[in-house]
Amino acid sequence: MSSVNAPSAQAPPILHLSTIVGSPLRDADGERLGKVEDLIVRLGGAGYPPITGFLVNVAGRTSFLGADRVSEIGPNGVVLRKAKLDLRHFERRPEEVLLKRDLLDRQLINVEGARLVRANEIELALVGGSWRVVGVDTGPRGGLRRLLPKGLGSHIATGEFLDWAGVEPFVGHVPTVRLRVPHPKLAKLHPAQIADLVEAASRREGEEIIQAVGEDDRELEADVFEELDDHHQREFLEDRPDAQVASILSRMAPDDAADIVGELDEDRRETVLALLPVSHRVKVRALLGYDPAEAGGLMSPDFVLLRGSTSAADALDAVRHSEIAAELLTTVFVSSAAGSLEGSVPVVALLRAASGQRLEAIVKHETPRLSPDAPFEEVARLMADYNLTSIPVADEHDRMLGVVTVDDVLEAMLPRGWRRRFGLLGED
């Protein structure tokens with residue numbers, strides 16, 4: 047967790063949003079003109095978001111006051127730079143949000159902790175000559191400060207708070223910010239972590255996360271969909287047009303895409319399948335023909351199968367050019383000249399072998415294989431007995447059909463909701 051300690055002698059003094067909202071608006075001579083209702087900041091730029099203005103109430107009218115017209119901000123109020131009061135009608139500009147109305151008491155993403163937090167207080171500081179949002183207090187201290195009268199609340203000391211650099215706000219409810227401010231920090235998370243956040247968030251917030259990720263990286267969007275549980279996959283796909291669903295599925299592994307297609311309503315299934323690229327569609331259709339609780343339903347049709355006469359150097363070249371995810375490509379499978387499965391060779395063994403050595407000289411013939419109708423229990427038992435990270439699936443003629451990897455087995459073994467980590471929601 048990235049946090050900032052209470053201000054030290056070197057750090058700029060911290061101002062709490064709650065002490066400024068509701069405070070007086072004064073002229074240069076100290077005369078009270080009205081009160082501050084909210085602070086406006088601009089998101090989307092580099093560094094801490096700057097305060098660009100204030101919503102102030104003067105004589106019962108709410109107006110906009112630009113930050114350039116203010117000389118001082120503090121617990122005692124906001125002071126005008128000039129004696130003349132020049133108030134304008136407030137209109138949201140692109141990437142501007144109201145701190146109290148749009149962010150306070152709402153959920154945000156603690157990116158470094160990969161969890162959702164609530165903004166109980168927003169912290170401000172003078173940085174580089176301008177007032178900026180520097181952090182968020184997610185603990186009870188900020189909420190208590192706001193509940194108490196200002197005189198008492200000001201005595202609650204500033205403690206640790208989340209650095210804004212590690213926080214990502216939800217802004218889908220703000221009309222001028224929706225889809226204009228991307229979530230670049232989310233791209234630093236693993237797809238499974240993003241999926242955790244989507245599942246923990248509200249429907250609207252989850253949709254915002256997926257849309258923000260998808261606008262920046264379509265491949266990452268597909269990876270996140272692979273990691274979502276069945277319920278959320280259906281929820282986020284049901285309102286999307288068929289072409290968009292097919293676009294997402296085309297970027298997913300065939301076995302994961304088949305799982306989702308199998309969950310679609312029957313009247314949509316064929317339409318979506320027809321929109322997939324031909325090679326992907328053929329793989330997905332083949333997988334849909336197997337029972338999802340058996341080896342055929344668990345396997346992926348993507349694997350590297352080479353003849354025994356292939357040299358270690360050529361085998362490594364095949365691995366190098368394969369599009370299979372690196373963490374899943376731990377083994378090369380070996381076939382006879384007739385095409386039947388002979389065994390396997392770990393990729394590490396290829397690295398250790400002489401470049402001209404043939405696979406038939408280093409193949410592990412004792413590699414077990416499964417029939418596509420093998421029950422899950424047999425899949426798990428064989429992988430455990432042989433200490434395997436992957437196991438081939440072959441037909442009655444010993445021709446390889448696919449491969450089951452350890453992550454497929456773990457996902458099937460763990461109970462529904464296994465991604466839920468204690469504390470995904472709540473305070474830091």
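Start counting at 1 in the sequence shown, then tack on 46, and there's your number in my numbering. Think of the CB as a built atom: it goes at the ideal place given N, C-alpha and C, for glycine as much as any other residue.
Option nearest T451 by Cα separation, candidates E373, L387 and A238:
E373
Using the beta-carbon count (16 or more within 10 Å), is T317 buried or exposed?
exposed
Sequence ranges, alpha helix (DSSP H) only - wholly within the stretch 59-143, length at least 4
63-66
Is Y94 buried or exposed, if buried means 16 or more other CB atoms sit within 10 Å of its CB?
buried
Continuous beta strand (DSSP E) assignments of at least 3 residues falling wholly in the stretch 349-401:
351-353, 377-381 and 387-392
Inter-stretch contact (C-beta, 8 Å, three-pair minimum) for the stretch 381-398 and the stretch 291-308
no
If you reduce the DSSP assignment to three classes, tell me which class A303 lands in.
helix
Just to confirm my understanding: we take G448, look at its own chain, exclude 5 residues before and 5 after, and list those with CB closer than 6 Å. What are they?
M345, S346, P347 and V439
Examine the Cβ distances between the stretch 154-166 and the stretch 234-250 and report whether three or more of them are shorter than 8 Å.
yes
Using only CA atoms, which one of M298, K234, N166 and G175 lies nearest to E206?
N166
Where A320 falls, given that 16 or more other Cβ within 10 Å makes a residue buried
exposed
In the structure shown, what three-state DSSP assignment does Q153 receive?
strand
Name the residue from V124, A361, P70 and G218 whose alpha carbon lies nearest to the alpha carbon of E251.
G218
Go ahead and label L122 buried or exposed: buried means 16 or more other beta carbons lie within 10 angstroms of its beta carbon, across all protein chains shown.
The displayed chain sequence assigns Asn, not Leu, to residue 122. With fewer than 16 other Cβ atoms within 10 Å, it is exposed.
Look at L352 and S381 and say whether their C-beta atoms are less than 9 Å apart.
yes
Where M459 falls: helix, strand or coil (DSSP):
helix
Would DSSP call A332 helix, strand or coil?
helix
Can you give me the Cβ contacts of L149 inside the same chain, cut-off strictly under 7 Å, excluding the 5 residues immediately before and after it?
V143, A165, I168 and P215
Give the range of the beta strand (DSSP E) segment to which R415 is assigned.
Per DSSP, R415 belongs to no beta strand (DSSP E) and is neither H nor E.
Nearest-angstrom Cα distance between E312 and V330?
15 Å
DSSP on V182, reduced to helix/strand/coil?
strand
Where R226 falls: helix, strand or coil (DSSP):
Note that R226 scores 44 on pLDDT, short of 50, meaning its location in the model is unreliable and no value can be drawn from it.
What residue range is occupied by the uninterrupted beta strand (DSSP E) comprising D209?
F207 to D209
Using a Cβ-Cβ cut-off of 8 Å (strictly less than) and excluding sequence neighbours within five positions of P74, which residues of its own chain qualify?
The identity of residue 74 in the sequence shown is Ala, whereas the question assumes Pro. Excluding positions up to five away in sequence, the list reads S117, V125, L126, R127, K128 and A129.
Who are the Cβ neighbours of A289 in its own chain at under 7 Å, not counting the five residues just before and after it?
L321
Beta carbon of F422 nearer than 9 Å to that of A341
yes
So who's on the other strand from V436, going by DSSP bridges?
First, the residue type needs correcting, since residue 436 is Ser and not Val in the sequence shown. Answer is T451, bridged to S436.
So, are the CB atoms of G68 and K81 less than 9 Å apart?
yes
Three-state class that DSSP yields for P323 in the structure shown
coil
With 16 other CB atoms within 10 Å as the buried threshold, where does A339 fall?
exposed
Taking the alpha-carbon of V324 as reference, which of D183, S293 and L154 has the nearest alpha-carbon?
S293
Which of the three DSSP states, helix, strand or coil, is assigned to E167?
strand
Going by CA-CA distance only, name the one from F379, V365, F136 and E267 that's closest to V291.
E267
Run of the alpha helix (DSSP H) containing P237, from where it starts to where it stops
P237 to A246
Excluding the five sequence neighbours on either side, which residues of its own chain have a C-beta within less than 7 Å of the C-beta of L79, listed in chain order?
L71, R72, D73, V104 and L131
What would DSSP say about L162, mapped onto helix, strand or coil?
strand
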